[in-house]
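Some notes on the structure that comes next.
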Amino acid sequence: MPELPEVETVVNGLKPQITGARLVAVSNSGKNLRYPLPDFSTLLQQNIQTVERRAKYLLFHFEHGQTLIWHLGMTGQFHVLYRSEQVAKHEHVTLTFEDGQTLRYRDTRRFGYVGLCDTNSLAQHKWFTKLGVEPLLDDFSGDYLRDMLKTRKTSIKQAIMDNHIVVGVGNIYASESLFRAAIHPQRIASHLNKKEYQALVAHIRSVLAEAIEAGGSTISDFVKTDGKPGYFAYSFNVYGRADKPCLTCSKPIQKVVQGGRATFFCPQCQKRK
Ligand SMILES: [Zn+2]
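If you use the numbering used here, the sequence shown corresponds to residues 82 to 354, in order.
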């Protein structure tokens, strides 16, 4: 499933290609995605002002004041191709622009979904009202995290994966940032000290930023042909390394299941306290 860094990379890849483009036609395969597609007619003859990311949604802001909201689901991909290239299997939505380019949305499993909203009421849209802060923005700080978690009895790992608190910290990134911050993933979320909340925030940011940077070099895979969604080639310290030696202390990495998701950690470097 595309995670925050992958979505950010897709946005960065699309921006130079479709900013300013005027939409002239929209066609679809006739198959629904997760939900029925919106009526695109109010977007015709309108220009895309910019593309942004919020959580794992792509936001296509149009100059006349509407925003197309797009979630990639499990297997969604965008490809920018010329109009002359035939629509391929699994390309369920095609946006055609005045300059002859098309934006193809391919989604083999069709868990992706699309919505349309007035740009100035985006924050009130049902998909956004309950979302927490963006991890890469200043709102996400040690003080914020401490304040949000002060009564939480869940584990710290499940807490940082909770979208109501902070968005886009997926399973892999949660394990990796807890390792870097030397925090045991099963500790009670409210029991960390101030320095630990600060360290955790700093490491969540750096893990995500590094993944985005790693994605930048493979950008063509995401927005041109033959792209595969998924995790970037990115070296993990603990994720997927059960029983292998810790890269810091050589003790075997342990795997536990929390909230149905695998967690990897080093029992020596991440003490329970
Ligand atoms: Zn270790």
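Every residue gets a Cβ at the ideal spot worked out from N, C-alpha and C, and that includes glycine.
Quantities reported herein were computed from a predicted structural model and do not represent experimental measurements.
So residue 246 and residue 268 are supposed to be a Cβ contact under 8 Å. How far apart are they, rounded?
Working through the sequence shown from its first residue, we reach residue 246 at position 165. Working through the sequence shown from its first residue, we reach residue 268 at position 187. Going by Cβ atoms, the distance from residue 246 to residue 268 rounds to 16 Å, so no, they are not a contact pair.
ask   = Based on the DSSP secondary-structure assignment, which residues constitute the bridge partners of residue 186?
value = As a first step, residue 186 must be located in the sequence shown, where it is residue number 105. In the DSSP output, where bridge partners are listed per residue, residue 186 has 159, 174.
*asked:* Within 10 Å of its beta-carbon, does residue 97 have 16 or more other beta-carbons around it, so buried, or fewer, so exposed?
replied: Here residue 97 refers to the residue found at position 16 of the sequence shown. Exposed, by the Cβ-count rule.
Original post:
Would the beta-carbon of residue 267 be found less than 7 Å away from any heavy atom of ligand 1?
Top reply: Taking the sequence shown and counting its residues from 1, the one referred to as residue 267 is at position 186. Flag unset: Cβ of residue 267 not near ligand 1.
Item checked: Selection from 252, 295, 257, 335 that minimises the alpha carbon distance to residue 280 -> Taking the first residue of the sequence shown as 1, we reach residue 280 at position 199. Nearest C-alpha to residue 280: 257.
Give me the Cα-Cα distance between residue 114 and residue 150, rounded to the nearest whole angstrom. The sequence position of residue 114 within the sequence shown is 33, counting from 1. The sequence position of residue 150 within the sequence shown is 69, counting from 1. Their backbone Cα atoms lie some 13 Å apart in a straight line.
- Query: If you scan the region 190-234 from start to end, which runs of the alpha helix (DSSP H) of 4 or more residues do you find wholly inside it?
  - Reply: 223-230
query: Apart from the five residues on each side of it in sequence, which residues of its chain come closer than 7 Å, Cβ to Cβ, to residue 239?
result: Your numbering for residue 239 matches position 158 in the sequence shown. Around residue 239: 339, 340.
field: Own chain residues within Cβ distance below 7 Å of residue 324, not counting five before or after
entry: As a first step, residue 324 is located in the sequence shown; it is residue number 243 there, counting from the start. Excluding positions up to five away in sequence, the list reads 333, 334.
Practice item. Name all residues in chain order for which at least one heavy atom of ligand 1 lies closer than 6 Å to the residue's CB. Key: That gives 327, 329, 330, 332, 347, 349, 350.
- Just the Cα atoms here: how many angstroms apart are residue 308 and residue 272? As a position in the sequence shown, residue 308 is number 227, starting the count at 1. As a position in the sequence shown, residue 272 is number 191, starting the count at 1. Reliability fails at residue 308, whose pLDDT of 44 lies under 50, so the model's placement of it is uncertain and the value that follows must be treated cautiously. In a straight line, the C-alpha of residue 308 is about 43 Å away from that of residue 272.
* To do: In angstroms with no decimal places, state the Cα-to-Cα distance between residue 210 and residue 354.
  => By 1-based counting over the sequence shown, the position of residue 210 is 129. By 1-based counting over the sequence shown, the position of residue 354 is 273. Near 36 Å, if we compare the C-alpha coordinates of residue 354 and residue 210.
query: Would the beta-carbon of residue 146 fall within 8 Å of that of residue 93?
result: Residue 146 sits at position 65 when you count from the first residue of the sequence shown. Residue 93 sits at position 12 when you count from the first residue of the sequence shown. No.
Taking the beta carbon of residue 184 as the centre, do at least 16 other beta carbons fall within 10 Å, making it buried, or is it exposed? The residue you call residue 184 lines up with position 103 of the sequence shown. By the neighbour-count rule (16 or more Cβ atoms within 10 Å), residue 184 is buried.
(message) Measuring only the C-alpha atoms, how far is residue 266 from residue 82?
(response) Sequence index remark: in the sequence shown, residue 266 carries index 185 (1-based). Sequence index remark: in the sequence shown, residue 82 carries index 1 (1-based). Their backbone Cα atoms lie some 22 Å apart in a straight line.
Residue of 287, 189, 220 minimising C-alpha distance to residue 156: Within the sequence shown, residue 156 is the residue found at index 75, counting from 1. Looking at the Cα atoms, 189 is the closest of the given residues.
Element boundaries [beta strand (DSSP E), containing residue 337]
For the purposes of this step, residue 337 is taken as residue 256 along the sequence shown, with counting starting at 1. That run of the beta strand (DSSP E) goes 335-339.
- Length of the line joining the Cα atoms of residue 320 and residue 295: Position 239 of the sequence shown holds residue 320. Position 214 of the sequence shown holds residue 295. Rounded to whole angstroms, residue 320 to residue 295 spans 17 Å at the Cα level.
### Message
Just to check my reading of the structure: residue 116 and residue 194 have Cβ atoms closer than 8 Å, yes? What is that Cβ distance to the nearest angstrom?
### Response
Position 35 of the sequence shown holds residue 116. Position 113 of the sequence shown holds residue 194. Correct: roughly 5 Å between the Cβ atoms.
Q: Tell whether a beta-carbon distance below 8 Å holds between residue 264 and residue 277.
A: Looking up residue 264 in the sequence shown gives position 183. Looking up residue 277 in the sequence shown gives position 196. Taking 8 Å as the cut-off, the beta carbon of residue 264 is found closer than this to the beta carbon of residue 277.
* Quick one: Cα of residue 182 to Cα of residue 344, how far? -> If you number the sequence shown from 1, residue 182 lands on position 101. If you number the sequence shown from 1, residue 344 lands on position 263. The alpha-carbon atoms of residue 182 and residue 344 are separated by roughly 43 Å.
Quiz item: Is it true that the CB of residue 105 sits closer than 8 Å to the CB of residue 130?
Solution: On the sequence shown, residue 130 is found 49 positions in, with the first residue counted as 1. On the sequence shown, residue 105 is found 24 positions in, with the first residue counted as 1. Cβ atoms of residue 130 and residue 105: not closer than 8 Å.
**Study point:** Segment limits, beta strand (DSSP E) that includes residue 130
**Key:** The sequence position of residue 130 within the sequence shown is 49, counting from 1. Run containing residue 130: 129-135, per the beta strand (DSSP E) assignment.
Check your understanding: Would DSSP call residue 100 helix, strand or coil?
Key -> Walking along the sequence shown from the start, residue 100 turns up at place 19. Looking at residue 100 - three-state DSSP - the assignment turns out to be coil, as it is neither helix nor strand.
Fill in: Beta-bridge pairing of residue 106 - partner residues as DSSP gives them
The sequence position of residue 106 within the sequence shown is 25, counting from 1. Looking at the DSSP assignment, residue 106 forms a beta bridge with 177.
> alpha helix (DSSP H) containing residue 273: first to last residue?
Replying inline: As a position in the sequence shown, residue 273 is number 192, starting the count at 1. Annotation for residue 273: no alpha helix (DSSP H) segment contains it, and DSSP assigns it neither H nor E.
For residue 308, name the three-state secondary structure that DSSP assigns. Locating residue 308 in the sequence shown gives position 227, where the first residue counts as 1. Because residue 308 carries a pLDDT of 44, less than 50, the predicted location of this residue cannot be relied on, and no value is offered for it.
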